[in-house]
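Numbering (this note's numbering), first residue to last: 1275 to 1661. Where a beta carbon is used, it is the ideal one built from N, C-alpha and C, also for glycine. Given the structure is predicted, the values throughout are model-derived calculations rather than measurements. Take a look at the structure set out below.
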Amino acid sequence: MTPAADSHPPLNTASSAAAPHAAPLTYEQAGVNYDLIDPLKIAAQKAAAATAGHLQGHGFSEVPASRGESAYVVDVGPFYLASIVECLGSKALVADEMQRLTGRSWYEGIAQDTIAMAVNDLITVGATPLVVQAYWAAGGSDWFGDAQRAQALVAGWKKACDTCGVAWGGGETPALAGIVEDGRIDLAASCTGIINPKSRLSVGDHLETGNAIVILASSGIHANGLSLARKLVERLPQGYLTPLEDGSTYGQALLAPTVLYSPVSEALARAGIHPRYCVNVTGHGWRKLLRHPGSFTYRVHTIPPVPPVLRFMQQQAGLDHHEAYSTLNMGAGFAYFVAAEQAQRTVEVAQACGIPAWVAGTVESGPKQLLVEPLGLRYSADDLQLR
């Protein structure tokens, strides 16, 4: 497991607005516009929901509340099955450039990132990961000829599976010349898990006023926001080798592997703690805390320290807090919504797994909104449209 970054400013601080000499660089300017992507997701969800009846022919049924969540859940009788597929995105491009600059392969960490994208989504519904499948699509067969890089990918994939206690079932390694750019690779993973006993199901049915929000630390950028991170390199005279305040380089810090949170979820289950809801803080940044379909006000009173690489990105891209926290994880990698009396114990369990955590806020009655009090931020229901 990769621990969260150690070099942080004091709790409840964040970077100031950045680089006045440069115009702000937003995620949309870097080529990612959720206003265009999210409507397609919603349309796909509606079409997908219309296929649920096919399960009945097998004697099974879906869990309707899992529609629109990070993983899909099927009721197979004595237990639930959950499944997810996720891709890495463009983080591999940073690894490729850093290999050119440093002469070393960074693909062991890239493998962990890819598995984390799937596993961290799967556990949001209370599932124990069982099987991971790999999809490694290269721009040509030559990609696999770099033995150092290929073996780092294999070793990292196996190591991440061991961390999560999940079997690596197999996968696909197509060479897609003309679809994937020559010299590049598109990485993805699917994951299947089991929810047993059924009481571990966490799709928000039991979320209620008075619950606590526990935030777990990220290790850095994880695998979301890399389009912005790569665009920002154009502004840096030293590019990926630009030094950060903690002694690392920009490229090195970007490649810190995503934290695998499934050991925490399993430890919570053993401790008798069943989260009311869970959020994997990935794309959409802190707006993901609004994912539950109900109308609640989420009041955050404590924020985690911002990893140096994210503070650097905010400064250099000229992002105000509202834009930064709606795009990047800003130190929050995962969130558990738990009964108030279990909040401190949840923090202790996470910390015993090597991941810093904080009782960060509360769930209140009121309009659907997220209030990040230390920074004076407010996000409304209109700021996150995923259903």
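Q | Per DSSP, cross-strand counterpart(s) of E1336 | A | V1348
Q: Helix, strand or coil for T1523, going by three-state DSSP, please let me know.
A: strand
Q: Report back the beta-carbon spacing between A1634 and I1487 to the nearest angstrom; my notes put them in contact at under 8 Å.
A: Sure, about 5 Å apart at Cβ, within 8 Å.
Q. Curious, which full-length beta strand (DSSP E) runs of at least 3 residues does the region 1468 to 1548 contain?
A. 1486 to 1491
Q: Please state whether DSSP places S1289 in a helix, a strand or coil.
A: Residue confidence for S1289 is low, a pLDDT of 33 falling below 50, so the modelled location carries little weight; the figure read from the coordinates is stated next. Coil, per DSSP.
**Q.** Contact set for E1540: own chain, Cβ-Cβ below 7 Å, skip 5 residues either direction
**A.** Its chain contains T1402 as the residues whose beta carbon lies nearer than 7 Å to that of E1540, once the 5 sequence neighbours on both sides are disregarded; these appear in chain order.
Q. Helix, strand or coil: how does DSSP classify I1629 here?
A. Here I1629 sits in coil by DSSP.
Q. For N1470, which residues from the same chain have a beta carbon less than 6 Å from its beta carbon, with the 5 sequence-adjacent residues on both sides left out?
A. F1353
Q.
Could you compute how far the alpha carbon of W1632 sits from the alpha carbon of A1617?
A. 9 Å
Q. Who are T1466's beta bridge partners in DSSP?
A. Paired residue(s): S1357, V1405.
Q) In whole angstroms, what separates the C-alpha of V1393 from that of C1465? A) In a straight line, the C-alpha of V1393 is about 7 Å away from that of C1465.
Q | Proximity winner among A1429, S1654, T1532, relative to K1365 (alpha-carbon distances) | A | T1532
Q: Look at the alpha carbon of T1620 and the alpha carbon of S1493, and state the distance between them as a whole number of angstroms.
A: Distance between the alpha carbons of T1620 and S1493: 19 Å.
Q.
What does the alpha-carbon distance come out to for the pair P1549 and V1555?
A. Taking the straight line from one Cα to the other gives about 16 Å.
(Q) Could you pull the DSSP bridge partners for R1573 from this structure? (A) T1636, L1645
Q | Span separating the alpha-carbon of G1484 from that of N1498 | A | Approximately 31 Å, taken between the alpha carbons.
Q. If you follow the beta strand (DSSP E) that L1450 is part of, which residue opens it and which one closes it?
A. From DSSP, L1450 is part of no beta strand (DSSP E); its letter is neither H nor E.
Q) Are the beta-carbon atoms of V1347 and S1340 separated by less than 8 Å? A) yes
Q | Span of the alpha helix (DSSP H), counted from its first residue to its last, around E1382 | A | 1381 to 1396
Q: Report yes if the C-beta of P1582 is less than 7 Å from at least one heavy atom of the ligand GDP; otherwise report no.
A: Of the ligands one can find in the structure shown there are none, so the ligand GDP has no counterpart to examine.
Q. Exposed or buried, what is S1316 when buried is set at 16 or more other beta-carbons lying within 10 Å of its beta-carbon?
A. The amino acid at residue 1316 is misidentified as Ser; the sequence shows Ile. Label assigned to I1316: exposed.
(Q) Rounding to the nearest angstrom, what Cα-Cα distance links Q1512 and L1506 in this structure? (A) 11 Å
Q) Distance, Cα to Cα, T1325 vs S1357? A) Cα-Cα distance, rounded: 16 Å.
Q | Residue of Q1590, V1623, G1443 minimising C-alpha distance to A1543 | A | V1623
Q. From L1658, M1604, T1601, T1576, pick the residue whose C-alpha is nearest to that of E1647; which is it?
A. T1576
Q: Flag this pair as yes or no: are the beta carbons of D1395 and E1360 separated by less than 8 Å?
A: For the pair D1395 and E1360, the CB atoms are nearer than the 8 Å cut-off.
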